[in-house]
Ligand code: NDP
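Numbering (our numbering), first residue to last: 17 to 507.
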């Protein structure tokens, strides 16, 4: 929320456990975005010139500094997100991400890369030497659901590649920035090429005007604006957007395990994850048993209220999300859905909470099966044939990820291969959150651009130069002659 105090613009962030706007910060002025970008641009050539080994040392030093200050960052993050364990996971994950890239970068950015040596009639030897030239200044715009993870996930490989990083976190969850910036004091050479600009969407727009490449994580609606702005500037845009992930449960599945997988995949971070399971398709022969087990286990889960260290479900980080979830549930009930458990938004201590909610008798006419929910809601639908299940799973404009659970991976894999999504979990759900290694691309409205995951994701931040060497005599000019005999050298 923005206010003007004595002529100065201030913003506040709200603690989702109390509903109190208890964190005041000064957003960047538009001119400041440009100034920060200029500062980073000035420092970037030295960052690149010092070489990969020195950059790796700096990334490792930053990891150590974050680890040393982890409690401060976790505390700040938990005040914006209302959950503790995942705040720990995010900060520890940031440390792992730095160390992971420190280990991967030498292989991916070897400073002496050689391409193939070719022979032909015209050119006796061609030597390719590829050089990796990073974009000078990369920009990162992140959402509120995993504020630390998503501010750094792409920035770290960009830094490893030799780029400078300008980051705009969500105005809804800015608290972590202050303690995180302090950790950069221990690594001055890195501090000179990392900048944070706080503020709302206008600051995101201003960032795009300054950078050479933009990585955006957020909603489809904003992603479209980002892509348009990037296209106008002719800069690459890497977009990681929303999802409506399906899981297909075949009758051969171990239903108890499937229930646990679906609950973990759908309720983690209170469902506020792009890769949440948001549609559950169950083969009709086991549908009723599965639904009863799912409802029972979901209903037994508790809110992390009043103690942040107890319980399974945190508050809704961005309170207006409660209205979206509430409307989707209402729309489903109006059109014939049935609540098995949950279904009501609760108020505790000033915060808004959605208990785990299981809905039955849903159809694709309902918003709950078509729009991103971003809450702990699991709508369950029966299917008869595998073909029908695949058609239902693919009846969506999204394509982020999905899952298939069967009695064996041999049975699940052919089904998963027919789902139009980038990350498919086999015999479990949301496995893409557990590993950064497999490359994957988003389908449909879930995003565009190269893979964020996998070692090759660093290639998004570099341009390769091919130096093609002529080591023999250049081709004779008569190669251009139209009447030359077919046996003569071809271009
Ligand atoms: P938004 O799209 O509302 O915001 C994302 C970021 O963009 C915020 O920092 C926001 O600033 C900023 N922004 C807003 N308007 C503009 C603009 N015109 N130009 C540039 N930047 C702008 O997303 P949410 O924060 O609501 O995040 C939830 C969404 O993120 C969900 O759809 C979720 O699925 C998606 N997501 C995708 C992931 C993936 O990997 N595919 C991972 C996690 C989330 P501010 O908030 O300050 O207004």
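Backbone N, C-alpha and C fix where the C-beta goes; we use that ideal spot for every residue, glycine too.
Cβ neighbours of residue 313 within its own chain (closer than 7 angstroms, five residues either side excluded): 275 and 279.
Rounded to the nearest whole angstrom, the CA to CA distance from residue 76 to residue 386 is 43 angstroms. The three-state secondary structure of residue 382, taken from DSSP, is coil. At the C-beta level, residue 98 and residue 55 stay beyond 9 angstroms of one another. Taking every protein chain shown into account, the CB of residue 495 has fewer than 16 other CB atoms within 10 angstroms, so this residue is exposed. Taking every protein chain shown into account, the CB of residue 480 has fewer than 16 other CB atoms within 10 angstroms, so this residue is exposed.
Cβ-Cβ distances below 8 angstroms link residue 460 to 412, 413, 414, 415 and 436 in the same chain, with the five nearest sequence neighbours on each side left out; the list follows chain order. Distance from residue 396 to residue 296 at the Cβ level is roughly 4 angstroms; contact confirmed, criterion being Cβ atoms closer than 8 angstroms.
CA-CA distance, residue 31 to residue 426, rounds to 46 angstroms.
Under the three-state reduction of DSSP, residue 22 is assigned to coil, being neither helix nor strand. Put simply, the backbone Cα of residue 347 is about 28 angstroms away from that of residue 402.
Inclusion of residue 195 and residue 264 in the CB contact set at 9 angstroms is not warranted, their separation being larger than that value. Its Cα nearest to that of residue 473, the residue 117 stands out among 246, 210, 117 and 22. Between residue 371 and residue 319, the C-beta gap is smaller than 9 angstroms, which places the two residues in contact. Of all alpha-carbon atoms in 332, 149, 266 and 455, the one lying nearest the alpha-carbon of residue 442 is that of 266. Assignment of residue 438 by DSSP, reduced to helix, strand and coil, places it in the coil class.
A distance below 7 angstroms between beta-carbons, with the five flanking residues on each side excluded, links residue 382 to the following residues of its chain, in chain order: 347, 348, 351 and 353.
From the listed residues 25, 188 and 164, the smallest Cα separation to residue 335 is found for 188.
Residue 397: member of the beta strand (DSSP E) spanning 393-399, first to last residue.
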